[in-house]
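*Asks:* Pasting in a structure now, in structure tokens, and then I'll have a few things to ask.
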Amino acid sequence: MTTSAPTPSSPPEPLEAQEATDLLPAPPAGHAPVLSLRGIARTFEVPDADPLHILTDVNLDVYPGEHVAIVGRSGTGKSTLLNILGLIDQASAGSYLLDGVDTATLGESRRAHLRGRTFGFVFQTFNLIPGLTTTENVAAPLLYDRGLAFWGRTARAEELLEAVGLKDKIGGPINRLSGGEQQRVAIARALARKPRIILADEPTGALDVDTGASVMNLLEAQCAQTGAALIIITHDLAVASRARTQYRLEEGRLTPISVERRTHGSLQTLEEVPA
Numbered sequence: 001m002t003t004s005a006p007t008p009s010s011p012p013e014p015l016e017a018q019e020a021t022d023l024l025p026a027p028p029a030g031h032a033p034v035l036s037l038r039g040i041a042r043t044f045e046v047p048d049a050d051p052l053h054i055l056t057d058v059n060l061d062v063y064p065g066e067h068v069a070i071v072g073r074s075g076t077g078k079s080t081l082l083n084i085l086g087l088i089d090q091a092s093a094g095s096y097l098l099d100g101v102d103t104a105t106l107g108e109s110r111r112a113h114l115r116g117r118t119f120g121f122v123f124q125t126f127n128l129i130p131g132l133t134t135t136e137n138v139a140a141p142l143l144y145d146r147g148l149a150f151w152g153r154t155a156r157a158e159e160l161l162e163a164v165g166l167k168d169k170i171g172g173p174i175n176r177l178s179g180g181e182q183q184r185v186a187i188a189r190a191l192a193r194k195p196r197i198i199l200a201d202e203p204t205g206a207l208d209v210d211t212g213a214s215v216m217n218l219l220e221a222q223c224a225q226t227g228a229a230l231i232i233i234t235h236d237l238a239v240a241s242r243a244r245t246q247y248r249l250e251e252g253r254l255t256p257i258s259v260e261r262r263t264h265g266s267l268q269t270l271e272e273v274p275a
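Residues in the sequence shown are numbered from 1 upward in steps of one, following full-length UniProt numbering.
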């Protein structure tokens with residue numbers, strides 16, 4: 001249950017005095033979260049040094065179709081959290097439920113299967129394969145769908161390239177695309193297997209402001225059309241402010257920005273987060 005906003009005569013309760021789960025935003029009526037984190041910690045052992053505690057107590061619920069932004073400075077553990085969410089890495093402690101399934105009980109092959117079927121990934125540096133065409137890049141994830149023939153994969157890739165505004169680039173080389181066009185190809189690739197969740201790591205970080213806004217418009221529109229949840233990892237408050245639900249990652253913990261607004265003012269007046 002979300003803590004109610006205090007009246008002027010009742011100052012905000014200190015964040016550290018509140019239960020972590022009480023700080024989570026109120027859930028949409030009638031929906032169960034597609035993923036749920038409770039008490040997630042990630043610690044790395046360092047030879048001849050103290051363990052490195054990157055995440056200490058992360059709590060997060062994400063619902064179908066929800067747009068979530070996680071903002072934080074460089075080195076706060078954003079990429080570590082994204083890797084745990086995407087089943088690339090495992091937490092050292094805590095609970096991660098994906099569609100109600102405890103991911104800690106899954107073997108590597110099952111984790112890989114769920115990762116491919118559940119998530120689409122968008123990266124700051126695009127991560128396209130230079131030797132492949134736009135169509136081949138988008139179709140690459142579909143190679144895991146054994147029942148889908150070559151022509152089916154190609155048709156799906158061309159459909160997605162048209163959907164992201166690159167109909168005239170179908171079958172073209174990657175090295176002739178602008179940064180914004182390459183990110184559109186990356187978005188199309190992320191959507192290829194109809195994922196339930198899109199994980200985007202600084203998707204506008206390598207783009208100018210106008211191109212970045214265009215890419216965000218496209219990501220949001222595609223997720224709204226497909227019903228996929230969108231989780232953005234960013235240091236950019238302008239990008240974060242577009243999300244319905246916003247968190248700040250600091251000192252290994254997530255705090256809903258709605259709580260920060262209550263204690264510090266609006267999102268726009270918070271100190272800018274450097275990359």
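Beta carbons are placed, not taken as given, at the ideal position from N, Cα and C, and that holds for glycine. Small disclaimer: the values here were computed from a predicted structure and weren't measured.
When burial is assigned at 16 or more other CB atoms within 10 Å of the CB, is His-67 buried or exposed?
*Replies:* With 16 or more other Cβ atoms within 10 Å, it is buried.
*Asks:* Less than 7 Å between C-beta atoms, sequence neighbours within five positions excluded: which residues of the same chain meet that for Thr-125?
*Replies:* Counting only Cβ-Cβ distances below 7 Å, and skipping sequence neighbours, we find Ala-206.
*Asks:* Between the alpha carbons of Glu-13 and Ile-233, how many angstroms are there, rounded?
*Replies:* Confidence at Glu-13 is low in this model, with a pLDDT of 41, below 50, so the placement of that residue should be treated as unreliable; the coordinate-derived value is given next. Distance between the alpha carbons of Glu-13 and Ile-233 is about 28 Å.
*Asks:* When the Cβ atoms of the segment 53-60 are set against those of the segment 207-224, are three or more pairs found closer than 8 Å?
*Replies:* No: the two stretches stay apart, fewer than three of their Cβ pairs being nearer than 8 Å.
*Asks:* So, Gln-246 versus Ile-231, is the Cβ gap smaller than 8 Å?
*Replies:* No, they are not a contact pair.
*Asks:* Taking Leu-191 as the reference, which of Ala-139, Ala-69, Arg-244, Asn-175 has the closest Cα?
*Replies:* Ranking Ala-139, Ala-69, Arg-244, Asn-175 by Cα distance to Leu-191 puts Ala-139 first.
*Asks:* Looking only at C-alpha atoms, which of Ala-112, Glu-250, Leu-97, Ala-69 sits nearest to Pro-203?
*Replies:* The shortest Cα separation from Pro-203 among Ala-112, Glu-250, Leu-97, Ala-69 belongs to Ala-69.
*Asks:* Using 10 angstroms around the beta-carbon of Val-215, count the other beta-carbons present and answer buried if the total reaches 16, otherwise exposed.
*Replies:* Buried, since its Cβ has 16 or more Cβ neighbours within 10 Å.
*Asks:* What's the gap between the Cα of Glu-158 and the Cα of Lys-167?
*Replies:* About 7 Å.
*Asks:* Looking at Ala-186: is its Cβ nearer than 8 Å to the Cβ of Phe-119?
*Replies:* It is not a contact, given that the beta carbons lie outside the stated cut-off.
*Asks:* Quick check: what's the CA-CA separation for Ala-91 versus Val-101?
*Replies:* Computed Cα separation, rounded: 15 Å.
*Asks:* Quick test of the definition: if touching needs 3 or more C-beta pairs under 8 Å, does the segment 246-255 touch the segment 69-80?
*Replies:* A contact exists between the segment 246-255 and the segment 69-80.
*Asks:* Which parts of the segment 232-257 are runs of the alpha helix (DSSP H), unbroken and 4 residues or longer, counting only runs that do not cross its ends?
*Replies:* As far as the segment 232-257 is concerned, its whole alpha helix (DSSP H) runs of at least 4 residues are 237-240.
*Asks:* Would you tell me roughly how many angstroms separate the C-alpha atoms of Thr-255 and Thr-56, rounded to the nearest one?
*Replies:* Spanning the two alpha carbons is a distance of roughly 13 Å.
*Asks:* Pull up the CB-CB distance for Arg-42 and Thr-76, whole angstroms please, since I reckon it's below 8 Å.
*Replies:* No, Arg-42 and Thr-76 are not in contact; Cβ-Cβ is about 12 Å, not under 8 Å.
*Asks:* Helix, strand or coil for Pro-141 per DSSP?
*Replies:* In the structure shown, Pro-141 sits in a helix (DSSP, three-state: H, G or I).
*Asks:* Which first and last residues belong to the alpha helix (DSSP H) in which Asp-210 is found?
*Replies:* Here the alpha helix (DSSP H) through Asp-210 covers 209-226.
*Asks:* Quick check on the DSSP output: the alpha helix (DSSP H) that includes Thr-154 runs from which residue to which?
*Replies:* Thr-154 -> alpha helix (DSSP H) spans 150-163.
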